[in-house]
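Visitor: Take this structure first; my questions come after.
Protein chains in written order, with the working numbering: chain A, 517 to 1045; chain B, 7 to 335.
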């Protein structure tokens, strides 16, 4: 590579190093922990066979992790349990890497400087793809080592890692195309996220109500059909390979043809009539800026809710008495009807809403990093009122999404003729709030204390707490240690009893963290990017 | 030379009173003083960005705050506004400490930030409306006048505006408040010469209404044209302050002499430095009295003698001596 290309590739790689490190750790540790947990929980062949019989054809678990094969084997279990979740993470990593390198750099104006160097547009595009390729290679290595460290053969482990990274590669393509279509990094990421949401929903439908052939439409389905450790079908790797190549070529063609700074879907930068609503307070302006994002989150959660609700009936009826007992071991509770089964899925809504809270923390921090708060706070506007307003907006947004989650599952359930109660499910939605708001308060504290790192750490906290809840139980760690994850403290109503004590404690911690954040934010210097 | 010079009070010589007067008193005299900073200091780790600064700005005064990049101008402004906390000393706007009570301190102040980072999704008009509501006061008629004067396109979103145009939005929003104190941090960076004229006109209007203007700049012609008093900042220290006339007295005068024949040799004279000697010309820098030079020139065949007061640029360069201050930011 020529020197400017090499410099650009290095820069793009260095920009992603912290993200790469965090993902590599997860991609190493998660399969390792999953496999270790399986060995510990099902030590004998008889245990594994009994587990495979009871879980093998169960829609409830298929919904989470996809259709399992050969659950009585270590490889079958690892591929199903770790592969499915890692594929989701890989998709996010790929899309984010592409949008960050291809659109955010340009949005910030930095790419204009880069592109004025001795480099062609095509060359700059290729250089950044090389950097992303290096990121994926590093992630593949981490995943391979993780699966292998769990005790699986090296060849199969390499293939399993390739299955996961194949999904990432396709989403690099999705992110690259989205970066051509949308002029803002945030918007491009939301478009890529919508594609991933659709992908996930198709996979869920294929795995629960069928037909299974829907798997062939999207990358998450392909990852399942690649069947790592359970009759590998390497030829299927052509699908992600071709899809990624086609998307990247398409994005490259757009990239070479368009002006820097614009996108295929150009927003209207000249308006006929000003919109003077929602300009009376900083929080109102924030609502204006965040309303599209809020709508996207609510629509995604509502859509997932509808699908979950519509398969809940078949899930509930498919539960054997033995399985109910086993599911009960996960956290206790009853799984008599569809509502109860749906309740269990609300753990995912807690994750989504906590991530939404992180995104709101990130948006608030951006106001400071980009210098707008300096203008605002030179006006007669107080800092405490501002941050409180932003947090209030986040609470309202989280509550709205929580209600939409309940509403969506109720609609889906009713549509499939399942016996669900609207009020119960709205209650289940609201029940996600204490844990989510705990993360909101912690996020506020983080950006108040460590402004430059806060947002990233907040996302990290949510992800780690969630993964801890997923693997901690399998590993047989003591209850108190499992309990440090807020996800473990939720009584997933109506499947489980509402746990008022932990809910109150989580809310109280969240409020205290927010209060400390307000004080600290009032008494520290504003910090730029 | 502008007629504005000399109308300001005598230069306040920088005195070192670190740590004094932490809670700015709210008595009547202080309350009428737009800016009053005593021993204002800011330390970032090992770096002392601003070092025991004393500043006083009176109503109706245009104060030029000069300094190269990284001298501490923006840091000083951030402390004045209470955006950053002083490491020592205090700053008060109209007698109110902006760190302790920013909301009250900012009611009579309007600010133009050095970087015009506003809300990209708002149009220029929406931005003006929002900023006016956030400030609480606006002179709508004057704002309309300013929009015309600065030829601002109101219906464009900020993300589509150039840096200069975003700068105009900030300027119009600040000027339209008619605030008693305008704090402007390099307000004309990115403006074209026509807009620079519009800016100067607006500042003179503000001054005529009795508003005080604190103008941070490194555009010397702008400071020379507008400011009653100038403070020169170097590595966080106020190295000089006063009216332009006062600053000139401290500096040297340039005298160009042209002779009919070859320039004569002039011996060492008190306060006179020969800067350049050509075939029949001589350039001298004279500090203090010109009498020794005139005496030395008596009897030589002088055909022309031009005396020039130092420009602000020369005063400025005198203080910086070509030394870059980048590292002291």
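The beta-carbon is built from N, C-alpha and C at its ideal position, and this holds for glycine as well.
Compare the C-beta of residue 895 of chain A with all C-beta atoms of chain B and state if any pair is closer than 9 Å.
Guide: Closer than 9 Å: yes.
Visitor: Count the C-beta pairs between the segment 646-655 of chain A and the segment 562-578 of chain A that are closer than 8 Å, then say yes if the count reaches three, no if not.
Guide: With a cut-off of 8 Å, the segment 562-578 of chain A and the segment 646-655 of chain A do not count as touching, because too few Cβ pairs lie within range.
Visitor: Can you tell which of A:724, A:709 and A:756 has the C-alpha that lies nearest to the C-alpha of residue 732 of chain A?
Guide: With distances taken between Cα atoms, residue 732 of chain A lies closest to A:756.
Visitor: Can you pull the chain A residues whose beta carbon is under 7 Å from the beta carbon of residue 127 of chain B, in chain order?
Guide: Those within 7 Å of residue 127 of chain B in chain A are 805.
Visitor: Between residue 128 of chain B and the rest of its own chain, which residues show a CB-CB distance below 8 Å, the 5 nearest in sequence each way excluded?
Guide: Excluding residues within five positions, the ones whose Cβ falls inside 8 Å are 136, 163 and 164.
Visitor: Taking 9 Å as the cut-off, decide whether the C-beta atoms of residue 611 of chain A and residue 691 of chain A are in contact.
Guide: Yes, these two residues count as a Cβ contact at 9 Å.
Visitor: Helix, strand or coil: which one does DSSP assign to residue 746 of chain A?
Guide: Looking at residue 746 of chain A - three-state DSSP - the assignment turns out to be coil, as it is neither helix nor strand.
Visitor: Closer than 8 Å, Cβ to Cβ, to anything on chain B: give me those residues from the segment 965-984 of chain A, in chain order.
Guide: Going along the segment 965-984 of chain A in chain order, one finds no residue with a Cβ nearer than 8 Å to chain B.
Visitor: Identify, in the order they occur along the chain, each residue of the same chain with its Cβ nearer than 7 Å to the Cβ of residue 665 of chain A, setting aside the five sequence neighbours on each side.
Guide: So the qualifying residues of the chain are 548.
Visitor: Ignore the nearest five residues each way along the sequence and tell me which others in residue 947 of chain A's own chain have a CB closer than 6 Å to its CB.
Guide: The residues are 1009.
Visitor: Buried or exposed, going by whether 16 or more other CB atoms sit within 10 Å of the CB of residue 246 of chain B?
Guide: Buried, because 16 or more other Cβ atoms sit within 10 Å of the Cβ of residue 246 of chain B.
Visitor: In chain order, what are the residue ranges of uninterrupted alpha helix (DSSP H) at least 4 long that sit wholly in the segment 883-935 of chain A?
Guide: With a minimum length of 4 residues, the continuous alpha helix (DSSP H) runs that stay inside the segment 883-935 of chain A are 888-893 and 899-931.
Visitor: DSSP state of residue 156 of chain B, grouped into three classes?
Guide: Coil, per DSSP.
Visitor: Beta-carbon within less than 8 Å of residue 268 of chain B's beta-carbon, same chain only, minus the 5 sequence neighbours each way: which residues are those?
Guide: 285 and 286.
Visitor: Please work out which residues of its chain come closer than 6 Å, Cβ to Cβ, to residue 860 of chain A, disregarding the five sequence neighbours upstream and downstream, and give them in chain order.
Guide: Hits under 6 Å: 1008 and 1011.
Visitor: For residue 319 of chain B, which three-state DSSP category applies?
Guide: Of the three classes helix, strand and coil, the one that applies to residue 319 of chain B here is helix, per DSSP.
Visitor: Could you tell me the boundaries of the beta strand (DSSP E) in which residue 67 of chain B lies?
Guide: Per DSSP, residue 67 of chain B belongs to no beta strand (DSSP E) and is neither H nor E.
Visitor: Within the 9 Å Cβ cut-off, does residue 171 of chain B reach chain A?
Guide: No, residue 171 of chain B does not count as interfacial toward chain A.
Visitor: By the criterion of Cβ-Cβ separation under 9 Å, what are the contact partners of residue 68 of chain B in chain A?
Guide: Neighbours of residue 68 of chain B on chain A: none; closest Cβ ~19 Å, over 9 Å.
Visitor: Under a three-way DSSP split, which group does residue 604 of chain A fall into?
Guide: Helix at residue 604 of chain A.
Visitor: Within a Cβ cutoff of 8 Å, which residues of the same chain sit near residue 133 of chain B, ignoring the five residues on either side of it in sequence?
Guide: Only 124, 125, 164, 175 and 179 meet the Cβ criterion.
Visitor: Might you give, ordered along the chain, the residues of its own chain that have their beta carbon closer than 8 Å to the beta carbon of residue 346 of chain B, omitting 5 neighbours on each side?
Guide: Coverage of chain B is limited to positions 7 through 335, which leaves residue 346 of chain B absent and any answer about it impossible.
Visitor: Would you give the residue range spanned by the beta strand (DSSP E) that residue 191 of chain B belongs to?
Guide: It spans 187-191 - the beta strand (DSSP E) in which residue 191 of chain B sits, taken as one unbroken run.
Visitor: Rounded to a whole number of angstroms, what is the C-alpha to C-alpha distance between residue 46 of chain B and residue 631 of chain A?
Guide: Taking the straight line from one Cα to the other gives about 43 Å.
Visitor: Count Cβ pairs between the segment 692-702 of chain A and the segment 669-683 of chain A that sit closer than 8 Å; are there 3 or more?
Guide: The segment 692-702 of chain A vs the segment 669-683 of chain A: no contact.
Visitor: When Cβ atoms are compared, which residues of the segment 83-102 of chain B fall closer than 7 Å to chain A?
Guide: Per Cβ criterion, the list reads 87, 89, 90 and 91.
Visitor: Quick check: what's the CA-CA separation for residue 27 of chain B versus residue 84 of chain B?
Guide: Confidence at residue 27 of chain B is low in this model, with a pLDDT of 43, below 50, so its placement is unreliable and the value that follows should be read with caution. So the alpha carbons of these two residues sit roughly 19 Å apart.
Visitor: With DSSP as the reference, label residue 1025 of chain A as helix, strand or coil.
Guide: In this structure, residue 1025 of chain A counts as helix in the three-state DSSP scheme.
Visitor: Confirm, please, whether the CB-CB distance from residue 825 of chain A to residue 858 of chain A is below 9 Å.
Guide: Result yes, Cβ atoms of residue 858 of chain A and residue 825 of chain A sit closer than 9 Å.
Visitor: Per DSSP, what kind of secondary structure is residue 1045 of chain A in: helix, strand or coil?
Guide: Coil.
Visitor: Mind checking whether residue 821 of chain A and residue 939 of chain A have CB atoms under 9 Å apart?
Guide: In this structure, residue 939 of chain A does not lie closer than 9 Å to residue 821 of chain A by Cβ.
Visitor: Give a yes or no on whether 9 Å exceeds the smallest Cβ distance from residue 51 of chain B to chain A.
Guide: Closer than 9 Å: no.
Visitor: What does residue 135 of chain B reach in chain A if we use C-beta pairs closer than 9 Å?
Guide: Neighbours of residue 135 of chain B on chain A, chain order: 790, 792 and 795.
Visitor: Let me make sure I understand the geometry here. Which of A:1036, A:892, A:990 and A:1041 has the alpha-carbon closest to that of residue 1 of chain B?
Guide: Chain B is shown only over 7 to 335; residue 1 of chain B falls outside these bounds and no answer can be derived.
Visitor: Residue 551 of chain A and residue 668 of chain A - do their beta-carbons sit closer together than 9 Å?
Guide: It is a contact, given that the beta carbons lie within the stated cut-off.
Visitor: Exposed or buried, residue 1028 of chain A, counting other C-beta atoms within 10 Å across all chains shown (16 or more means buried)?
Guide: Exposed, because fewer than 16 other Cβ atoms sit within 10 Å of the Cβ of residue 1028 of chain A.
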